[in-house]
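Participant: First, the structure itself, so that you have it in front of you.
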Amino acid sequence: MFSHHRQQENFISSTLTTRNIYNGVATRLRPEYRNICAVDRGENLMGHAHAAISLEKDTPELADTYEEASVVQFDHGKILIDALRIGPGERVLDIGSGTGRLAQYVAGIVAPTGEVFGIDPLGYRVAIAQSRASTGLSFSVGRAEDLSKFADGQFDVVYLNSVFHWIEDKPRVLREIFRVLKAGGRIGLNTQDPSKPHQSRLLVRAALARAGVQVDGAVHPSLGVDGETLEALVTAAGFNGYRGELRTLVDFHADAETLIRWSASSSFGNFLFGLSDTEQGHVRAMLAELLEDKRTPKGIRVERYLHFATAQKPLA
Ligand SMILES: C[S@@+](CC[C@H](N)C(=O)[O-])C[C@H]1O[C@@H](n2cnc3c(N)ncnc32)[C@H](O)[C@@H]1O
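When we follow our numbering, the leftmost residue of the sequence shown carries the number 105, and every step to the right adds one.
Dropping the structure here:
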């Protein structure tokens with residue numbers, strides 16, 4: 105299903121200009137899954153307590169930067185969309201649609217009679233997305249946890265691209281998606297995995313240590329899940345036909361600053377949050393040094409790892 109693009113490369117140029125969780129499910133899961141849930145409840149992959157992810161820290165500048173930098177998410181989003189086999193005339197919900205680039209691409213696939221709805225909690229990003237709106241493509245502010253503005257059984261496809269690892273109450277979100285899908289409708293998502301962190305996460309961690317900055321885990325939060333947990337969560341919500349794959353994605357960043365801007369805008373203010381300007385300066389300098397080891401003729405090469413998954417709501 106995901107076989108065409110097992111390893112994908114992105115080049116991020118230097119032209120960027122702007123600057124309960126599982127409580128319900130955990131008790132039903134096998135013991136080894138419960139441990140993973142415990143990691144996500146209170147600790148990040150490094151074993152440090154993490155602060156809650158905030159949706160209040162976004163800024164117009166971060167939203168503008170994301171609009172430029174999110175070609176990374178757009179490229180792997182197309183893999184997800186391929187796997188969902190979306191066709192003309194279908195009704196699609198994009199949860200966490202950000203600035204709307206992928207939703208616009210999907211609107212082109214479902215045209216002329218289909219419809220794509222994008223929702224995202226971040227007003228600045230929805231405003232940018234709304235500049236893409238057209239017949240059959242609309243955006244509004246909304247969260248995955250509350251799809252009450254959508255009636256039961258009205259979508260052929262619901263997808264989340266680079267969003268699931270930001271969501272705390274995953275069982276609730278999966279239940280809501282199940283509700284709004286038609287019988288036979290498809291869900292698609294991708295997510296980070298705390299047991300297989302992106303190379304950049306490890307490098308940031310090393311940069312923090314070198315800079316002598318106390319890490320509380322809030323500087324690079326993620327609520328990702330490993331593959332087994334993901335399958336268990338999706339199946340527990342009632343979906344069948346689960347197909348999943350851990351994929352390696354290769355990015356080339358022009359320089360450390362480009363990588364930091366991409367991370368900061370992708371994390372809507374949660375990245376390196378809580379550090380003083382001086383500490384941030386030290387961490388950036390250390391990260392730049394560390395990244396030099398990864399320089400290639402194409403740029404600084406870093407790998408990311410995402411689980412991709414699709415499943416269906418049963419026909420009856
Ligand atoms: C890395 S961006 C991905 C945006 C877009 N899907 C894309 O492919 O470019 C993560 C997005 O998840 C959204 N998000 C975070 N928590 C969310 C939640 N609880 N419900 C819906 N979206 C959420 C953020 O607002 C942000 O726009």
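We put the CB at the ideal spot given by N, CA and C, even for glycine.
Below 8 Å, how does it come out for the stretch 193-203 and the stretch 392-408: are there three or more Cβ pairs, yes or no?
Facilitator: Not touching, per the Cβ criterion.
Participant: Have a look at the DSSP bridge pairing and note the partners of Val-262.
Facilitator: Paired residue(s): Leu-197 and Ile-291.
Participant: Note down, one range per segment and in chain order, each alpha helix (DSSP H) of at least 4 residues found wholly within the stretch 181-265.
Facilitator: Complete alpha helix (DSSP H) runs here, min 4: 205-214 and 227-234.
Participant: Could you check whether the stretch 370-384 touches the stretch 246-256, counting it as contact only if at least three pairs of C-beta atoms, one from each stretch, sit closer than 8 Å?
Facilitator: The answer is no - the stretch 246-256 does not touch the stretch 370-384, with fewer than three Cβ pairs under 8 Å.
Participant: When we look at the beta-carbon of Leu-206 and count the other beta-carbons within 10 Å, is it buried (16 or more) or exposed?
Facilitator: Classification of Leu-206: buried, given that the 10 Å Cβ count is 16 or more.
Participant: Buried or exposed for Asn-265, please, with buried defined as at least 16 other CB atoms from any protein chain shown within 10 angstroms of its CB.
Facilitator: It counts as buried.
Participant: Is there contact between the stretch 402-418 and the stretch 303-315, where contact requires at least three CB pairs shorter than 8 Å?
Facilitator: Yes: at least three Cβ pairs fall under 8 Å.
Participant: Near Phe-341, what residues of its chain come up, given a Cβ to Cβ distance below 8 Å and the 5 sequence neighbours on each side ignored?
Facilitator: The question names Phe, yet the displayed sequence has Ala at residue 341. Within the same chain, Ala-341 has close Cβ partners Pro-275, Leu-278, Arg-279, Ile-281 and Phe-282.
Participant: Across which residues does DSSP place Arg-399 in a beta bridge pair?
Facilitator: Paired residues: Ile-404.
Participant: Would you check whether ligand 1 has a heavy atom nearer than 7 Å to the C-beta of Pro-325?
Facilitator: No - ligand 1 has no heavy atom lying nearer than 7 Å to the Cβ of Pro-325.
Participant: Using the Cα positions of Lys-182 and Leu-410, report the straight-line distance between them to the nearest angstrom.
Facilitator: Cα to Cα, Lys-182 sits roughly 14 Å from Leu-410.
Participant: Could you check whether Ile-190 and Ala-267 sit closer than 8 Å to each other, using their CB atoms as the reference points?
Facilitator: Note on identity: in this sequence residue 267 is Val, with Ala being the wrong assignment. Cβ atoms of Val-267 and Ile-190: not closer than 8 Å.
Participant: Identify whether Val-129 lies in helix, strand or coil by the three-state DSSP scheme.
Facilitator: Caution is warranted here: a pLDDT of 32 is assigned to Val-129, below 50, making its placement in the model unreliable, and the coordinate value is therefore given only provisionally. It is helical.
Participant: Would you say the beta carbon of Glu-432 comes nearer than 7 Å to a heavy atom of ligand 1?
Facilitator: Outside the displayed span of the chain (105 to 420) sits residue 432, for which this structure offers no information.
Participant: Asp-365 to Ile-199, Cα distance in whole Å?
Facilitator: According to the sequence as given, residue 365 is Arg; it is not Asp. One C-alpha to the other measures close to 23 Å.
Participant: How far does the alpha helix (DSSP H) with Leu-379 in it extend, from its first residue to its last?
Facilitator: No alpha helix (DSSP H) contains Leu-379, which DSSP labels as neither H nor E.
Participant: Just checking my contact of Ala-211 with Ser-244 at CB under 8 Å: how many whole Å lie between their CB atoms?
Facilitator: Wrong, their Cβ atoms sit about 15 Å apart, outside the cutoff.
Participant: Closer than 7 Å: is that where the CB of Asn-344 sits relative to any heavy atom of ligand 1?
Facilitator: No, the Cβ of Asn-344 stays beyond 7 Å of every heavy atom of ligand 1.
Participant: Can a CB atom of chain B be found closer than 8 Å to the CB of Asp-179?
Facilitator: Note that chain B does not occur in the displayed structure, where there is just one protein chain.
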